[in-house]
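Novice:
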C-alpha cells in the first residue's frame, strides 16, 4: 500500500451503514431467479480455477447454443419470431446466474422487469410480424453505475446505498428504445477507479478463466460475465482502461469509443465536471460484429437529441481492405509487456503478414509524459469528490483506491490543470501527425502489461490510459491464444527501464496466469470509430 | 473603474518597452501602400462622425464596385480570369488603407507577400484556366492574434512584441491553401478580453458609422474594417461575443461557429488550456453568402487532419424552408435592450410574419445563472495567465481589462471549476430540451444590449456570452435599419430589474448612437451551424 494517509475512514460511522450493505446484499441475492440457481454442492469447489467450461455441465445444448450465438443473429431470429425473447432471456439469465455464483459479477438481476418486457416484445412480433428495433429482445448487462430507473445506483460507494436514481441513464433509455432488455447490473470497484472489481458492498469479482486472477476493472463485472458468456453484450465505461482492460482479461471484445459519441448522462460517479480526460461509455461483447451492431444502432438513434454534450456525428459505413497499414507497438517504452503479450503480438503480426497486410514497427512516443499528464488529471481536485463520498460512510479505503489516489501530483491549481490541458492537446496533435507521417492506419498494442493480474494487484494503467488522454478510440480483441506456462517463460531480464518496469516485470510468474486469454488492443485516430471497427474486422479475420 | 488593485503595472519597466512599441507602430505605418494613402488634408476631420460614405469620394466606380461585391462572385471572376487577383487586391488594399486612416483598425498590412501571391494566382489561372481553390485570390483580413508566419503576434500584450511566430496559424494555412490572400492584420484589445478594441500598441479602433462609438471587440479591427467595406471577409475569434458583437456594431455578418469546427491552433492568447468555455474562430463578412462560402470551403478542407482537437464533422448541405419556427427572445431577463434593438426585433418579426414564417415568443431561461457561470470560467485561474503577461511589460491596465478581470469569483479551485462545468452541461441539455419542447428551430435575439457602445464603455457581454457557455452557434446579421434619435426615444423606465440593468439602460442617449446599424443575432442548436446559416438565409431574404 502506497504511503497514503486515510483521512476518511471512520469505523464507527461505517458500522452504521452495515444495515444498508446487508440490504443491498439481500436485494442481490433475492434478485436471482431461483430456478436457475445451481445448488452449492453441484458447483465446482474453490480449488477449481478455470470455471469457463462449467456451463456445459448444467445447461442444455439449446441454452448453450443461444448464449454463444452473436447478438446480430439472435436479434434477427427474435424479430422474425423464430426464437422468442423469453427463451433467449431464460438462457442468458441462467448462464448469468451461474456466472454470478462462480464469479460474484452481478450487483442485481432485473428479472421481473426483463421478463415483462420480453413478453411484450414477443407479443409485438406476433402482432406486427416485425421487430421493435435493431436490438429487439436482446438481453443486455449494464455496469452498475449506469443508472437504472427507480433503483439504487451506488457507483461502488457505500454512501450511495440510498441513492435511488429516478430515471434511466440516457444510454439505457436509448438501448431500451432500440429493443434491448437490461437484465442484470454488474460489479465495479470502490470509487470506480481500479483495474479490478472489489468494493465493500458486493465484494470481489473473479475471473472465470482463472479464479485467482482479477477480471480487471472498473467494468470487471461486465468482463467476467461476458467472458463467461453469461451476457452477449453489455455496457461499460472507460476513463483509463475500464472497458478495454476487462475485455482483455476476460477474452472478449470491448470498444472505448471516442468520448462524446455515447452518452454518459446519468452515470453516477464522484467527480462530475472533470473533463480534462473524459470518461467514455461503450460496449463489451462476445463477438466483434456485435460491437458494430451496438454502435450503428445506438448512434443511428441520434443520441445527441437526448444529450447535448454529444457530437452530432452520424455512424458512417466504412470499408477497409487489406491495404491497411498496421503499426505494432511492442511496448510503450515505460513498462515492458509480459512474455505472453509479446507472443500475442508476434502471432498477430505473423498472421497479418501471411494475409498480405502491411505491418510496420510503431516506435512509442513519450508515453512516460502521457502517463504523467493523465495520472495528474484524474484527481486534479486532490480527490476531493471521492473523499467526500468515502468520508460520508467512513468505509475503509481499499488499497487499490489508495493507490489510484496517489497517482499524479495531488490537488492542482486551475492554472496547472490548464497547462496540462494544453500539453494534452499538443500530444493529440503530435500523435495524429505521427500516424499520418508514418503512414500508419491503426496501432496494434497491448491493453495491459500482462494477460491479467492477480486479484488486487493491478497498478500500471498506461497501455490503456495513454489513449484516454489522446482520446483515440481503442478496440480490444482476443487473439484466440491463451497463456501457457510452458511456452510463456519468464523473460530473463537483468536490467529494467525504471522501478515500475521492474515491479511489473516481477509480477509475471508463469504458473499464476495459466489459461488466461491473450488479448490485444487496436487504436485508430480520434473520431475514427467506424474505421477502427472495420480494421478490427480485417485483422480478426486474418486470425481465423 | 471597478475596485481592481493593479498589481502588475510598473511604469518604469513599461518605459523600457517604449522602443518596441514605437517599432511596432513604425512597422504598421511603413506597411501601408503609399499610393493608397489619402493625404491628411483630404480626410474628413475628427468632427465628422459617419465616415462610411467617404470612400466614394476617393475611389473609382470600379474600385467601389469590387469592394462591395460578394466574395463568391469575386472568386468566380478571378478564377475565370475575368478579374485579376491583382485588381481585386488593389481595390481592397486601397479601401482598407482608408479605413485604417479613419478608424485605426489595422495592426499591419501584408502588401508585399499579398501582391506576390496575387501575381502567382493570376499566372495560375492564365496557365491552367482554372482557380487554385474555392477562395482563389480572395483578399482576407485576419485578426492580429491569429499567427502569421515569421511575424510578431502580440495578442494585444506589450510583452509579446518580440513574439515572432514561426508558423501560420492552422486556419491561416488552410485559407491560403484554398486560395485566399491574407492582406491585413486587424486590431484587438489589450488581453483580448474587451468588447472594444484598444491597447497600448496600436491604440483605439473606431466605428466607421459613428466615430464616437466603439467598433466593439475583441475582433473590433475586423468589424470596423469589414463594416467600412475595406475587406469582404475576415477571420475573428469569439469567447464571449468577440466576433458577433463587432459584426453587430459595424453592421456586417459574423458567425461564431460551434467550438471545434474551425481551428484555433496557432492563435496566441493568455490562458491556453482553459476549456470550460472554448474560444471559437470564424468569419465576419459583408455578405451572408460568404459566411457559407467560408465554412463550406474551410470544413471541406478537412481541417481536423491538421488539428486533432477539431471534430470530424463534414459540412452538410441543409435546405430550410419557411416552415421554420423562430423564437424571439426580446430580452434575457437580466438587462433590457435599448429601444433601437427592440425596434429591430419588431421589424424582423413583422417581416417574418408577412412572409409566412412562424414566430413565437422565447421566454428567457435563467440567463442570470448563465452569466454567473460563464463569467467565473473566463478567469478561473484568477487571471494568473493574463497578469503574468501584463506584468512582464508593466503596461498600464486598461479600465476595460480591469473590468473583465473583475468578472466572476476570482481564482477557483479545480473542484469549483468542475462544479461549474457540470452546471454548464446541465444548462446545455436544458436549452436543447427547451428548443425541442417549444418547437423552436432558431432563436432570434439581440447581440448586445444596444446598437453599440460609446468608446471604452462596453460592459455587459450577456447577449453573446450566454451562447458561448451553451456552445450554440450564433449568426449576427444587419437588419438594414439604423438608429434614429427621433424614432428611438429613451424608454421611460422608472423601475429596473437590477443594478446592471439600470446602468446599461442609462447608457442609452439617443443622439449619441445616431446612425449606428441595428443588427441582431440568430442562434441554433449546438453543432447545427449549417442549419443556422440556412435559416439565416431565409430570414434575411424576408427582410429584403
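Protein chains in written order, with UniProt numbering: chain R, 1 to 544; chain U, 1 to 544. Glycine included, each C-beta is placed from N, C-alpha and C at the ideal position. Fair warning: this is a prediction, and the values are worked out from it, not measured in the lab.
#1: Are any of the Cβ atoms in chain U nearer than 8 Å to that of residue 270 of chain R?
#2: In three-state terms, what does DSSP make of residue 238 of chain R?
#3: Closer than 7 Å by C-beta to residue 4 of chain R: which residues in its own chain qualify, once you throw out the five before and the five after it? Chain order, please.
#4: Rank R/155, R/254 and R/200 by C-alpha distance to the C-alpha of residue 290 of chain R and give the top, closest one.
#5: Can you name the residues of chain U whose CB is closer than 9 Å to the CB of residue 421 of chain R?
#6: Tell me whether residue 385 of chain U is buried or exposed, calling it buried when 16 or more other Cβ atoms sit within 10 Å of its Cβ.
#7: Can you tell me which residues form a DSSP beta bridge with residue 165 of chain U?
#8: At the 8 Å Cβ level, is residue 341 of chain R part of the contact set with chain U, yes or no?
#9: Just the chain U side, please: which residues come within less than 9 Å of residue 313 of chain R by C-beta, in chain order?
#10: Contact between the stretch 360-377 of chain R and the stretch 471-483 of chain R: three or more CB pairs below 8 Å?
#11: According to a CB-to-CB cut-off of less than 8 Å, which residues of the stretch 281-313 of chain U neighbour chain R?
#12: Ignore the nearest five residues each way along the sequence and tell me which others in residue 352 of chain U's own chain have a CB closer than 7 Å to its CB.
#13: Assuming residue 519 of chain U and residue 213 of chain U make a contact with CB atoms under 8 Å, what is their CB distance in whole Å?
#14: Using the Cβ count rule (16 or more neighbours within 10 Å means buried), how would you classify residue 173 of chain U?
#15: Do the stretch 90-103 of chain U and the stretch 220-234 of chain U meet, that is, are 3 or more Cβ pairs less than 8 Å apart?
#16: Contact criterion: CB-CB distance below 8 Å. Does residue 363 of chain R meet it with respect to chain U?
#17: What does the Cβ neighbour count give for residue 155 of chain U, buried or exposed, with the cut at 16 atoms within 10 Å?
#18: Take every Cβ of the stretch 217-224 of chain U, pair it with every Cβ of the stretch 233-248 of chain U, and state whether three or more of those distances are shorter than 8 Å.
#19: Determine the burial state of residue 162 of chain U: buried for a count of at least 16 other Cβ atoms within 10 Å of its Cβ, exposed for fewer.
#20: Among all the DSSP beta bridges, which residues are the ones paired with residue 182 of chain U?
#21: Would you verify that the beta carbon of residue 167 of chain R is, or is not, closer than 8 Å to some beta carbon of chain B?
#22: Determine whether the Cβ of residue 348 of chain R lies closer than 8 Å to any Cβ atom of chain U.
#23: With a threshold of 8 Å between beta carbons, is residue 4 of chain U in contact with chain R?
#24: Closer than 9 Å by beta-carbon distance: list the chain R residues that pair up with residue 386 of chain U, in chain order.
#25: In chain order, which continuous runs of the alpha helix (DSSP H) of length 4 or greater are located wholly inside the stretch 208-273 of chain R?
#26: Going along chain U in order, which residues have a C-beta closer than 8 Å to the C-beta of residue 412 of chain R?
#27: Using a C-beta to C-beta distance shorter than 9 Å, which residues of chain R count as neighbours of residue 239 of chain U?
#28: For residue 192 of chain U, which residues of its own chain have a beta-carbon under 7 Å away from its beta-carbon, when the five flanking residues on both sides are left out?
#29: Name the chain R residues that come within less than 7 Å of residue 428 of chain U, Cβ to Cβ?
#30: Should residue 521 of chain R be flagged as near chain U, meaning a C-beta pair shorter than 8 Å?
#31: Mind checking which residues open and close the alpha helix (DSSP H) that includes residue 293 of chain U?
#32: Please look up how many angstroms separate the CB atoms of residue 471 of chain R and residue 259 of chain R, rounded, as I've assumed it's under 8 Å.
#33: Assuming contact is defined by CB atoms lying nearer than 8 Å, are residue 31 of chain R and residue 381 of chain U in contact in what I supplied?
#34: Under 8 Å, do residue 137 of chain R and residue 118 of chain R count as touching if we go by C-beta distance?
#35: Jot down the residue ranges of each uninterrupted alpha helix (DSSP H) in the stretch 382-424 of chain R, minimum 4 residues, whole runs only, in chain order.
#36: So, helix, strand or coil for residue 477 of chain U, using DSSP?
Specialist: Concretely, from the data shown:
#1: Sequence index remark: in the first chain, residue 270 of chain R carries index 270 (1-based). False, the Cβ-Cβ gap to chain U never drops below 8 Å.
#2: Position 238 of the first chain holds residue 238 of chain R. Residue 238 of chain R falls in the strand class under three-state DSSP.
#3: Along the first chain, one-based indexing puts residue 4 of chain R at 4. At residue 4 of chain R the pLDDT is 46, less than 50, meaning the model places this residue with poor confidence and gives no usable figure here.
#4: For this step, residue 290 of chain R is matched to residue 290 along the first chain. Checked all of R/155, R/254 and R/200; the closest Cα to residue 290 of chain R is R/254.
#5: In the first chain, residue 421 of chain R corresponds to position 421, counting from 1. Per Cβ cutoff of 9 Å: 272, 273, 274 and 275.
#6: Here the question's residue 385 of chain U lines up with position 385 in the second chain. Counting Cβ neighbours within 10 Å, residue 385 of chain U comes out buried, since at least 16 surround it.
#7: Taking the first residue of the second chain as 1, we reach residue 165 of chain U at position 165. Partner(s): U/151.
#8: For the purposes of this step, residue 341 of chain R is taken as residue 341 along the first chain, with counting starting at 1. False, the Cβ-Cβ gap to chain U never drops below 8 Å.
#9: Position 313 of the first chain, counted from the first residue, corresponds to residue 313 of chain R. Correct list: 311, 312, 313 and 527.
#10: no
#11: 304, 305, 307, 308, 309, 311, 312 and 313
#12: The count along the second chain starts at 1 and reaches residue 352 of chain U at position 352. The answer, listed in chain order, is 326, 359, 539 and 542.
#13: As a working note, residue 519 of chain U is residue 519 in the second chain. As a working note, residue 213 of chain U is residue 213 in the second chain. With a Cβ gap of about 13 Å, residue 519 of chain U and residue 213 of chain U do not count as contacting.
#14: In the second chain, counting from the first residue as 1, residue 173 of chain U sits at position 173. Classification of residue 173 of chain U: buried, given that the 10 Å Cβ count is 16 or more.
#15: yes
#16: The count along the first chain starts at 1 and reaches residue 363 of chain R at position 363. Cβ-Cβ to chain U under 8 Å: no for residue 363 of chain R.
#17: Residue mapping note: residue 155 of chain U aligns to position 155 of the second chain, counting from 1. Result: buried.
#18: yes
#19: Position 162 of the second chain, counting from 1, holds the residue named residue 162 of chain U. Residue 162 of chain U counts as exposed, since fewer than 16 other beta carbons sit within 10 angstroms of its beta carbon.
#20: The residue labelled residue 182 of chain U in the question sits at position 182 within the second chain. DSSP output for residue 182 of chain U lists U/140 as bridge partner(s).
#21: Annotation note: the requested chain B is absent from the structure, which comprises protein chains R and U.
#22: Residue mapping note: residue 348 of chain R aligns to position 348 of the first chain, counting from 1. The beta carbon of residue 348 of chain R sits no closer than 8 Å to any beta carbon of chain U.
#23: In the second chain, counting from the first residue as 1, residue 4 of chain U sits at position 4. Residue confidence for residue 4 of chain U is low, a pLDDT of 46 falling below 50, so the modelled location carries little weight; the figure read from the coordinates is stated next. Look at residue 4 of chain U: its C-beta is not under 8 Å from any C-beta on chain R.
#24: Stepping through the second chain from its first residue, residue 386 of chain U is reached at position 386. Within chain R, no C-beta atom comes nearer than 9 Å to that of residue 386 of chain U; the closest sits roughly 11 Å away.
#25: The DSSP assignment places complete alpha helix (DSSP H) segments of no fewer than 4 residues inside the stretch 208-273 of chain R at 220-227 and 244-249, in order along the chain.
#26: Position 412 of the first chain holds residue 412 of chain R. What residue 412 of chain R touches in chain U: 414.
#27: Position 239 of the second chain holds residue 239 of chain U. Chain R residues near residue 239 of chain U: none, gap ~14 Å exceeds 9 Å.
#28: Within the second chain, numbered from 1, the residue matching residue 192 of chain U stands at position 192. 145, 155, 156, 218 and 269.
#29: Sequence index remark: in the second chain, residue 428 of chain U carries index 428 (1-based). Under the 7 Å cutoff, chain R gives 308 and 309.
#30: Looking up residue 521 of chain R in the first chain gives position 521. No - not a single Cβ of chain U is within 8 Å of the one on residue 521 of chain R.
#31: Within the second chain, numbered from 1, the residue matching residue 293 of chain U stands at position 293. Run containing residue 293 of chain U: 288-300, per the alpha helix (DSSP H) assignment.
#32: Here residue 471 of chain R refers to the residue found at position 471 when the first chain is read from its first residue. Here residue 259 of chain R refers to the residue found at position 259 when the first chain is read from its first residue. The pair is a contact, with the Cβ atoms about 6 Å apart (cut-off 8 Å).
#33: Here residue 31 of chain R corresponds to residue number 31 of the first chain, with the count starting at 1. Here residue 381 of chain U corresponds to residue number 381 of the second chain, with the count starting at 1. Their beta carbons are not under 8 Å apart, which means residue 31 of chain R does not touch residue 381 of chain U by this criterion.
#34: Numbered from its first residue, the first chain carries residue 137 of chain R at position 137. Numbered from its first residue, the first chain carries residue 118 of chain R at position 118. Taking 8 Å as the Cβ cut-off, residue 137 of chain R and residue 118 of chain R qualify as a contacting pair.
#35: 384-393 and 399-405
#36: Here residue 477 of chain U refers to the residue found at position 477 when the second chain is read from its first residue. Residue 477 of chain U: strand per DSSP, three-state reduction.
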